[in-house]
Amino acid sequence: MPRYKFTIEYDGSNYHGWQYQDNLPTLQNEIEIAIFKITHEHVRLQVSGRTDAGVHALGQVAHADIKKEIDPFRFRHSLNHFFQGKGISILETEVMDDTFHARFSTKARTYVYKIINRRAPLTIDLNRAYHVPLPLNVDAMNKAAQFLIGHHDFTTFRAASCQGLSPFKTLEQAEFTQTGHLIEFHTRSKSFLHHQVRNMVGALCLVGLGKWQPIQVQTALLAKDRAAGGPTAPPEGLYLNQIIY
30 MPRYKFTIEY DGSNYHGWQY QDNLPTLQNE IEIAIFKITH EHVRLQVSGR TDAGVHALGQ
90 VAHADIKKEI DPFRFRHSLN HFFQGKGISI LETEVMDDTF HARFSTKART YVYKIINRRA
150 PLTIDLNRAY HVPLPLNVDA MNKAAQFLIG HHDFTTFRAA SCQGLSPFKT LEQAEFTQTG
210 HLIEFHTRSK SFLHHQVRNM VGALCLVGLG KWQPIQVQTA LLAKDRAAGG PTAPPEGLYL
270 NQIIY
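Each position in the sequence shown, counted from 1, maps to that position plus 29 in my numbering.
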């Protein structure tokens, strides 16, 4: 049975996250319905990492085993026909061997968090970036972000409801870039805890606003207490950027 790998771009603004939920629009449900319309097979997509409501993706990856053999190019074209105006695009469709798994074959994941730092309200970037009207000190934010790189207990920066078995993660990258009003936070790890990126950004923005000193990010990390970690940045700035195999 062919195993199809899908690389997917989506705007998560109008969806209640990736995972299927009864009576709510989700990305998984929308894509599985489109696959059924083409193949007449009920499939369950396996995804590299679930995204929350309002979170976007530039390169999400999922796979499904489908009995019907379809040319990958035609499959991609047919799927995209059903996604017109729905904020979903299949960037690539590939046939893989059965040892490939969208989640378990992943070697690393990268995220980008986008901030628009200006007084004027957002228009083009509405629901696609975090609007911070007060000036941010990006140099201070980068200094603070260095405390997060490496292997740590990230209890402070995971959701209180996170069901991950271990709070330990190895962060390979945590850095900000700035181009005009656009500030981007780039981070990479094999895997992330629930809300980890958004919680890290929330704390780092406190540094950028001058409410925290950079060393306070390390203090918060060592506290191993979500209450010490500051606010959670909103979902609309977060993009699942790339899945690395």
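Don't be surprised by glycine CBs; every beta carbon is placed ideally from N, CA and C. Only a predicted model underlies this, so the values are computations on that prediction, with no experimental measurement involved.
Runs of beta strand (DSSP E) wholly within the region 116-169 (minimum 3 residues, chain order) | Note on the region 116-169: whole beta strand (DSSP E) runs with a minimum of 3 residues are 117-125, 137-146, 159-161, in chain order.
Compute the distance between the beta-carbons of Ala82 and Tyr39, then report whether it is under 7 Å.
-> No.
Best match in Gly239, Tyr140, Cys191 for proximity to Glu265 [C-alpha to C-alpha] | Cα-wise, what sits closest to Glu265 is Tyr140.
Quick one: residues in its chain with C-beta nearer than 7 Å to the C-beta of Met170, no 5 flanking neighbours on either side, listed in chain order?
-> Taken in chain order, the residues that qualify are Phe205, Leu233, Val236, Gly237.
Residue(s) in a DSSP beta bridge with Gly295 = Since the first residue of the chain shown is 30 and the last is 274, residue 295 is not available in this structure.
For Pro260 versus Tyr159, is the C-beta spacing smaller than 7 Å?
-> The criterion of a C-beta distance shorter than 7 Å is not satisfied by Pro260 and Tyr159.
Who are the Cβ neighbours of Ala189 in its own chain at under 6 Å, not counting the five residues just before and after it?
-> Cβ within range, chain order: Arg255.
Presumed contact (8 Å Cβ cut-off) between Phe221 and Arg138, rounded CB distance | Confirmed, about 7 Å.
Please report the residue range of the beta strand (DSSP E) in which Val230 lies.
-> Careful: Val230 lies outside any beta strand (DSSP E), inside the alpha helix (DSSP H) at 225-237.
Exposed unless 16 or more other CB atoms sit within 10 angstroms - verdict on Glu98 | A residue is called buried when at least 16 other Cβ atoms come within 10 angstroms of its Cβ; Glu98 does not meet this threshold and is exposed.
Among Leu200, Gln271, Gln225, nearest to Gly193 - alpha-carbon criterion = Closest by C-alpha distance to Gly193, out of Leu200, Gln271, Gln225, is Gln225.
Cβ pair Ile95, Tyr33 closer than 7 Å = Yes, they are a contact pair.
Sort out for me which residues DSSP pairs Glu213 with in a bridge.
-> Beta-bridge annotation (DSSP): Glu213 is paired with Lys143, Thr206.
Give me the Cβ distance between Ser77 and Thr135, rounded to the nearest whole Å; I'm assuming they're in contact under 8 Å.
-> About 5 Å; that satisfies the 8 Å criterion.
Extent of the continuous beta strand (DSSP E) to which Gln245 belongs | Where Gln245 is concerned, there is no enclosing beta strand (DSSP E), although the alpha helix (DSSP H) it sits in stretches over 244-252.
Where does Ile95 sit, in a helix, a strand or coil, going by DSSP?
-> DSSP places Ile95 in coil when its eight states are reduced to three.
Is the region 164-181 touching the region 239-248, taking contact as three or more C-beta pairs under 8 Å?
-> Yes: the two stretches touch, three or more of their Cβ pairs being nearer than 8 Å.
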